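Some notes on the structure that comes next.
Number of protein chains: 2
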Amino acid sequence: MPQGASRTDSDTCPGGRVCRRHAAGEDPAKRDQILQGAMKEFLEKGFDGASMNEICRAAGVSKGTLYVYFEDKLDLFVALVARERQAIFAGFDALLKGDLPLEDKLTRFGQRLASTICTDHVIQWQRTIAGIVDRMPELGARFYEAAAQRTHDDLNALLRRERAAGRLDVPDPERASAQFIELTVAGIWRARLFGKRRTDPEPDEIEASVASAVQVFMAAYGRTSG
Amino acid sequence: MPQGASRTDSDTCPGGRVCRRHAAGEDPAKRDQILQGAMKEFLEKGFDGASMNEICRAAGVSKGTLYVYFEDKLDLFVALVARERQAIFAGFDALLKGDLPLEDKLTRFGQRLASTICTDHVIQWQRTIAGIVDRMPELGARFYEAAAQRTHDDLNALLRRERAAGRLDVPDPERASAQFIELTVAGIWRARLFGKRRTDPEPDEIEASVASAVQVFMAAYGRTSG
DNA sequence: GCTTTATCGAACCGGTCGGTTCGATTAAAT
DNA sequence: ATTTAATCGAACCGACCGGTTCGATAAAGC
Chain A
1 MPQGASRTDS DTCPGGRVCR RHAAGEDPAK RDQILQGAMK EFLEKGFDGA
51 SMNEICRAAG VSKGTLYVYF EDKLDLFVAL VARERQAIFA GFDALLKGDL
101 PLEDKLTRFG QRLASTICTD HVIQWQRTIA GIVDRMPELG ARFYEAAAQR
151 THDDLNALLR RERAAGRLDV PDPERASAQF IELTVAGIWR ARLFGKRRTD
201 PEPDEIEASV ASAVQVFMAA YGRTSG
Chain B
1 MPQGASRTDS DTCPGGRVCR RHAAGEDPAK RDQILQGAMK EFLEKGFDGA
51 SMNEICRAAG VSKGTLYVYF EDKLDLFVAL VARERQAIFA GFDALLKGDL
101 PLEDKLTRFG QRLASTICTD HVIQWQRTIA GIVDRMPELG ARFYEAAAQR
151 THDDLNALLR RERAAGRLDV PDPERASAQF IELTVAGIWR ARLFGKRRTD
201 PEPDEIEASV ASAVQVFMAA YGRTSG
C-alpha cells in the first residue's frame, strides 16, 4: 500500500511556487477518501453505531492520519453532513424558472424532488439524521433547512408569482407549497423511511404520484379548473 | 429502598390459590417499571447510545433483575416498541365510524391523527425507529404497519364506501387516503421530525392545517365542490 | 418462628470504544 | 544523495460497553 502524501491535486509551497506535496491534513483527495469511508459507516450503523476504527478501515486510511484531518468523531460527522446536505439538494431552484406552464413546472419540480428524496441514499441520510436529532438538534435543523425548507421556499416564491399573475387562487402560498411537496410523495416516502418499502420507487410510480399531486393541487388552487 | 417482590397485582401460586408474590421476572408492575426506564433512555439516546446500566438506574432496578425480565438489550427494545406501537395508535378506527357527514369525519380523524403524530413523544419514537431501520428493517416495517398503514387502511375503506355511495369521485382511493394523511400534517410533521420545530404544534395550528387539508381534498375528489 | 426466594448491588468478564502516541516508512524537495 | 515530513500502523490509554455471577437482603408464605 502506497504511503506518503498522495499527489492528486496541486498546491503552493512556502516558496510560492507550485509543488506537489500537501501539508499534513490538507490533501483534499485524502479528505474525500476519509469522508467516503465515514459515510459508508455512518449510514449503515448510525452515529453511535459507527466506530472510528471501522471508518479508518473502510476509508483505507490509518487512524493517525484520520485524526490529522478531523478533530474527533463529531467533527467528522458534521463535516460529512455539511458536504452531503448541499450535494443532494443542489440545482433544485433552477427547475422553477423559465416560462413553462405552471402545471409543467410543478410536474418537473415534483418529479425531481420526489425521486430524489425517495432514493436509497437520501433515505439513509434522512434516517441517520433523524436518529440523532434529539442530541444534535441544530444539525438536524440545518439539514432540514438545506433540504425541505429550501425547496419549500423556492416553490413558495413561484406560487406567489403565479397568484400575482392571476393564474392561481392560493389563499396561503406557504401552506400550499408545503401541501404540494407532501402530495408528490404521498404514500411512498414515509413507507421508505420506516423500511416498509426497501427499494427505490420505479420512475413510472413517481410520475403517477406527481401527476396526481399536480391534479389535486390544481383542483384546489387553480383558477380555471381542469 | 424496598426489596423483594412488589405487590401490585395478584397471581396464582402453584397451589392454585391466589397469592401475592410473583415468580421471578413475572411482576407486571416491575416489568412496566423497567420498560419505562428503558423508554426514557432509548428515546433520548437511541438504541446504540442507550446503555443498559443507565436503563437500570433510570428504572430503579438492579441489573440482575433486569436480565431476569429481559434476555438482552434487543429483547428489551423490541418489547418496548411493541408496547408503544399499539399504545399510540389505539382507537383511531373508531373515528371513521358513525354517520357524520364526510367532511366532519375527515376533520375529526385528521385532527386526531395530526396532533398525535406531531407530539413530542411520538416524534421521538419515530426518530428512534427511523434511526435503526437500516439494521432492523422488520422492526421499522412493523412499526409503520401499526401506525401509518393501519390508519391509512381505515381511511381507505371509508373512501371506498363513500365512493360506492356516490358521494365521492375518487379514481384511486388508495392514493387519495395517503394524500389526505400527508395533507393534514403538511409543513409541520417533517419540520418536527428533523428538529426544525421543537415544540408541539398548538391546537389551532392543527385545526387550520386539517381544515385546509379537508378543503383541498374535497376540491379534488368531492362530487359537489364547495 | 423458620424457610423460601425475588430482588439487590457490586464485582467481574472479555471486548470495544474514542482518542493518543511514536517510531518506521517512503516519497517529495533540494 | 541527502534532508524533510506526511503518512502509516500498531500499541496503548482509560473508560465504558453488554452481559454474567453470586452472596447479601428482606419480604412473603408457612
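Line order of the protein sequences matches chains A and B.
Counting along the first sequence from 1, when you hit position 75 you're at 75 in full-length UniProt numbering, and nothing is skipped either side.
Counting along the second sequence from 1, when you hit position 183 you're at 183 in full-length UniProt numbering, and nothing is skipped either side.
By construction, the Cβ of each residue, glycine as well, lies at the ideal position given by its N, Cα and C atoms.
Quick caveat, the model's predicted, so the values are computed rather than measured.
Give the single residue among the options whose Cα lies nearest to the Cα of residue i.
i                      : options                           : result
A/A178                 : A/A157, A/F194 and A/G64          : A/A157
residue 232 of chain A : A/V214, A/I34 and A/T119          : Chain A is shown from 1 up to 226; residue 232 of chain A falls before or after that span and cannot be answered.
B/D204                 : B/A148, B/R135, B/F70 and B/S115  : B/S115
A/F217                 : A/V122, A/N53, A/V68 and A/L102   : A/L102
A/A141                 : A/T151, A/S212 and A/I129         : A/I129
A/D172                 : B/S212, B/Y67, B/P201 and B/G195  : B/S212
B/Q86                  : B/R150, B/E71 and B/D75           : B/R150
B/L43                  : B/K196, B/H152 and B/I132         : B/I132
A/L95                  : A/L113, A/V81 and A/A79           : A/L113
A/W189                 : A/E174, A/R175, A/V170 and A/V210 : A/V210
B/F89                  : B/R135, B/H152, B/A79 and B/D27   : B/H152
A/E84                  : A/T65, A/I123, A/R163 and A/P137  : A/I123
A/A147                 : A/L159, A/R135, A/Q126 and A/A165 : A/Q126
A/F77                  : A/D32, A/K105, A/I117 and A/L155  : A/D32
B/G37                  : B/R57, B/K45 and B/G46            : B/R57
B/D104                 : B/Y221, B/A220, B/L35 and B/V214  : B/V214
B/A165                 : B/A79, B/D99 and B/A82            : B/D99
A/A82                  : A/F92, A/T65, A/E138 and A/Y67    : A/E138
Starting from residue i, trace the alpha helix (DSSP H) in both directions and tell me its first and last residue.
i                      : result
A/E202                 : Where A/E202 is concerned, there is no enclosing alpha helix (DSSP H), given that its DSSP letter is neither H nor E.
B/C56                  : M52 to A59
A/S62                  : A/S62 -> no alpha helix (DSSP H), and no H or E assigned at all.
A/P137                 : P137 to Y144
residue 228 of chain B : The structure shown does not extend to residue 228 of chain B, since chain B is modelled only from 1 through 226, so no value can be given for it.
A/R190                 : W189 to L193
Output yes or no for whether 9 Å exceeds the beta carbon distance between residue i and residue j.
i      : j      : result
A/Q111 : A/I206 : yes
B/R223 : B/L168 : yes
A/A59  : A/K73  : no
B/K40  : B/N53  : no
A/E174 : B/K196 : no
B/K30  : B/V61  : yes
A/F194 : B/F70  : no
A/V185 : A/I117 : yes
A/G46  : B/D134 : yes
Comparing the CB of residue i with every heavy atom of the ligand HEM, is any distance shorter than 8 Å?
i     : result
A/E44 : The ligand HEM is absent from the structure shown, which contains no ligands of any kind.
Can you tell me which of the three DSSP states residue i falls into?
i      : result
A/L76  : helix
A/G49  : helix
B/G131 : helix
A/G37  : helix
A/L113 : helix
A/T43  : Thr is not the amino acid found at residue 43 of chain A; the sequence shown has Leu there. Residue state, collapsed to three classes: helix.
B/L168 : strand
B/A219 : helix
A/D153 : helix
A/E84  : helix
A/T107 : helix
A/L100 : coil
B/E207 : helix
A/E71  : coil
A/A148 : helix
B/D32  : helix
A/A94  : helix
B/S212 : helix
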